[in-house]
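Report on the following structure.
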Amino acid sequence: VARGRGLTRPLGPAAAAVAVFAIGFAVSLLGDACHVASGTTRYPDGVARILLSAWWFPFAVALAVLGAAWAGRRMALPARPRTRLDAAAGVAAVLALYALTAFLRGTPPVVSVTLCSGLAFLVFAWWDPSPGALASALAAAVLGPLAEIGVVAIGAASYAPDASGLLGVAPWLPCLYFAAGAVASGLWRALAAPAAQYP
Amino acid sequence: VARGRGLTRPLGPAAAAVAVFAIGFAVSLLGDACHVASGTTRYPDGVARILLSAWWFPFAVALAVLGAAWAGRRMALPARPRTRLDAAAGVAAVLALYALTAFLRGTPPVVSVTLCSGLAFLVFAWWDPSPGALASALAAAVLGPLAEIGVVAIGAASYAPDASGLLGVAPWLPCLYFAAGAVASGLWRALAAPAAQYP
Amino acid sequence: VARGRGLTRPLGPAAAAVAVFAIGFAVSLLGDACHVASGTTRYPDGVARILLSAWWFPFAVALAVLGAAWAGRRMALPARPRTRLDAAAGVAAVLALYALTAFLRGTPPVVSVTLCSGLAFLVFAWWDPSPGALASALAAAVLGPLAEIGVVAIGAASYAPDASGLLGVAPWLPCLYFAAGAVASGLWRALAAPAAQYP
Chain L
1 VARGRGLTRP LGPAAAAVAV FAIGFAVSLL GDACHVASGT TRYPDGVARI LLSAWWFPFA
61 VALAVLGAAW AGRRMALPAR PRTRLDAAAG VAAVLALYAL TAFLRGTPPV VSVTLCSGLA
121 FLVFAWWDPS PGALASALAA AVLGPLAEIG VVAIGAASYA PDASGLLGVA PWLPCLYFAA
181 GAVASGLWRA LAAPAAQYP
Chain P
1001 VARGRGLTRP LGPAAAAVAV FAIGFAVSLL GDACHVASGT TRYPDGVARI LLSAWWFPFA
1061 VALAVLGAAW AGRRMALPAR PRTRLDAAAG VAAVLALYAL TAFLRGTPPV VSVTLCSGLA
1121 FLVFAWWDPS PGALASALAA AVLGPLAEIG VVAIGAASYA PDASGLLGVA PWLPCLYFAA
1181 GAVASGLWRA LAAPAAQYP
Chain W
2001 VARGRGLTRP LGPAAAAVAV FAIGFAVSLL GDACHVASGT TRYPDGVARI LLSAWWFPFA
2061 VALAVLGAAW AGRRMALPAR PRTRLDAAAG VAAVLALYAL TAFLRGTPPV VSVTLCSGLA
2121 FLVFAWWDPS PGALASALAA AVLGPLAEIG VVAIGAASYA PDASGLLGVA PWLPCLYFAA
2181 GAVASGLWRA LAAPAAQYP
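Chains as they are written, first to last, in the numbering used here: chain L, 1 to 199; chain P, 1001 to 1199; chain W, 2001 to 2199.
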């Protein structure tokens, strides 16, 4: 019945939600800065910015991450116990993949999609290869790009001509969302309760 | 004495052979598409194609993978029990490395070979760091490039001038075969019998 | 009380020190060859060379690696038992990251630093995510680039104009040193005593 302390102290729902939201916010700002700096994506002139992103972008991603993490918690994900260190590594892996996609302008789609598919599957297989996490990853791989296709359609953002082969967005975008959706699905419980304390 | 079902059902020899062949076929088609699309390799005009590959390429690779997997089974590889999920991750890792090599045109050989050597060793060390798997990986790293040197010599395929420093083939080619040979050596048993059912 | 043999034989202090020094020497020569071949770094004309490096470079790095490994041994690192195979994989990971940085000329700093930070953290989290290894990684991430800034300032080496945004050295340099410092901290004990024999 010992209560954990410091880095191993369990988090209540409000603190966990704030932590998940903050991670989504920070990762999206950093990753999107990679995309904007490399010219992979751009926002219309005049839109208010946070770092290199349109102001609404990190809020939208953070809310989506929070939603995926909340849904994952209800599905008792991750099915494989994951610690806070695992969570940090999962975030690092998604961030590295995010930055890697900033190198893919002008790359033939079969090359970029094969590379990102393989890496995204490795992230999923390492983090939590469960049916629930797979469902979350697949949902993210469909809904994320669909949302961005809508964003591009209304002119709120655009992908470079050499990185827009999937209805205006990048062909590797589903892979990035797949990896992010897999990790996000288990983020709440990995942060809220250290692995040893899973019920 | 329970018989597994669905994804965990053991496979008989014929089914396992078909599964290994199919994986070799699919991975070689996808990976080779990366090489052809990036201009790393090309086939003579007029040769019949499957996707972007000469028709004979996926058959040759699939047979080689089947041979390596069959030999590995006889050596009781993988020495470290591996599940079907591990097999999928191993295939994903080889595929990601395959796609990565499509980015290496014009790269100084020391850079491309150092990068691919490090990554190929990580695949081996993770998958099955046993003497048997090492032998399979080394055999593939020698025989695979030798076969491709022969293919190039008879004019059935060619590497781009900036990716052909090893007797007409790419200098990083042994690294790619090393990783593929390591994973292939344990593929049969990983697919045929889920890890928990190894004799 | 069995004494190990061959690959599992414990090493005495002198043999372990020689092994650590040799690894530092070899990795720095190979990695630096990537940097010189890609034009990322260059040495003044006329300086004596070992392969592509100025003669003093591998000695300096090998001594630094030896120092980090010796300090790590005194801190009883790695905190997570690591085998000689793990050590080989750790060296392969650092080498792959070293080679990867040779591709980053002209890349916007936010992209290269995000990519290398994520990968370096993954190396640390896998190798030995302990406070001691973190301290070693952070010390390396600060002291290594500082030393190189000094080397550049006295004209003994230089980074390409498109890879010198951090006081004359590359902005991703701290990430590379972070990963190297993490692995180096546990290298002595991982090599000297196979994991099963930790006291």
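Just so you know, even glycine gets a beta-carbon here, dropped at the ideal spot from N, CA and C. From a predicted model like this one, the values you see are computed outputs, not experimental measurements.
Can you name the residues of chain W whose CB is closer than 7 angstroms to the CB of residue i?
{"i": "residue 30 of chain L", "result": "2114"}
{"i": "residue 93 of chain L", "result": "2118 and 2122"}
Cβ of residue i less than 8 angstroms from any chain W Cβ?
{"i": "residue 100 of chain L", "result": "yes"}
{"i": "residue 1121 of chain P", "result": "yes"}
{"i": "residue 173 of chain L", "result": "no"}
{"i": "residue 1118 of chain P", "result": "yes"}
{"i": "residue 146 of chain L", "result": "no"}
Can you find a C-beta in chain L that's less than 8 angstroms from the C-beta of residue i?
{"i": "residue 2125 of chain W", "result": "yes"}
{"i": "residue 1019 of chain P", "result": "no"}
Shorter than 8 angstroms from the beta carbon of residue i to some beta carbon of chain P?
{"i": "residue 2192 of chain W", "result": "no"}
{"i": "residue 179 of chain L", "result": "no"}
{"i": "residue 186 of chain L", "result": "no"}
Strictly below 8 angstroms CB to CB, what residues from chain P border residue i?
{"i": "residue 2088 of chain W", "result": "1121 and 1125"}
Would you mind telling me which residues of chain P sit closer than 7 angstroms to residue i, beta carbon to beta carbon, in chain order?
{"i": "residue 110 of chain L", "result": "1033, 1034 and 1037"}
Residues of chain W with a CB under 9 angstroms from the CB of residue i: which are they?
{"i": "residue 85 of chain L", "result": "2125 and 2129"}
Please look up how many angstroms separate the CB atoms of residue i and residue j, rounded, as I've assumed it's under 8 angstroms.
{"i": "residue 1072 of chain P", "j": "residue 1132 of chain P", "result": "7 angstroms"}
{"i": "residue 1054 of chain P", "j": "residue 1043 of chain P", "result": "4 angstroms"}
{"i": "residue 159 of chain L", "j": "residue 151 of chain L", "result": "Contact flag wrong, Cβ pair sits at about 10 angstroms."}
{"i": "residue 1173 of chain P", "j": "residue 1166 of chain P", "result": "6 angstroms"}
{"i": "residue 2051 of chain W", "j": "residue 2066 of chain W", "result": "Actually they are not in contact, since the Cβ atoms of residue 2051 of chain W and residue 2066 of chain W sit about 20 angstroms apart, beyond 8 angstroms."}
{"i": "residue 271 of chain L", "j": "residue 31 of chain L", "result": "Because chain L spans 1 through 199 in this model, residue 271 of chain L falls outside it and cannot be assessed."}
{"i": "residue 1092 of chain P", "j": "residue 121 of chain L", "result": "4 angstroms"}
{"i": "residue 1033 of chain P", "j": "residue 18 of chain L", "result": "No, residue 1033 of chain P and residue 18 of chain L are not in contact; Cβ-Cβ is about 45 angstroms, not under 8 angstroms."}
{"i": "residue 186 of chain L", "j": "residue 77 of chain L", "result": "5 angstroms"}
{"i": "residue 1190 of chain P", "j": "residue 1064 of chain P", "result": "Between residue 1064 of chain P and residue 1190 of chain P the Cβ distance is about 18 angstroms, and since that is not below 8 angstroms, they are no contact."}
{"i": "residue 2119 of chain W", "j": "residue 96 of chain L", "result": "5 angstroms"}
{"i": "residue 254 of chain L", "j": "residue 130 of chain L", "result": "In the structure displayed, chain L extends from 1 to 199; residue 254 of chain L sits before or after that span and is not available."}
What in chain L is Cβ-close to residue i, meaning under 8 angstroms?
{"i": "residue 1182 of chain P", "result": "Within chain L, no residue comes near residue 1182 of chain P; the closest Cβ sits about 16 angstroms away, beyond 8 angstroms."}
For a contact defined as C-beta to C-beta under 9 angstroms, what are the partners of residue i on chain P?
{"i": "residue 2096 of chain W", "result": "1114, 1115, 1116, 1117, 1118, 1119, 1121 and 1122"}
Which residues does DSSP pair with residue i in a beta bridge?
{"i": "residue 49 of chain L", "result": "L:54"}
{"i": "residue 2159 of chain W", "result": "W:2041"}
{"i": "residue 166 of chain L", "result": "L:169"}
Any residues in the stretch 2051 to 2068 of chain W with a beta carbon nearer than 7 angstroms to a beta carbon of chain P? Which ones, in chain order? none
Members of the stretch 2032 to 2044 of chain W that neighbour chain P once the beta carbon cut-off is set at 7 angstroms: 2033, 2034, 2037 and 2038
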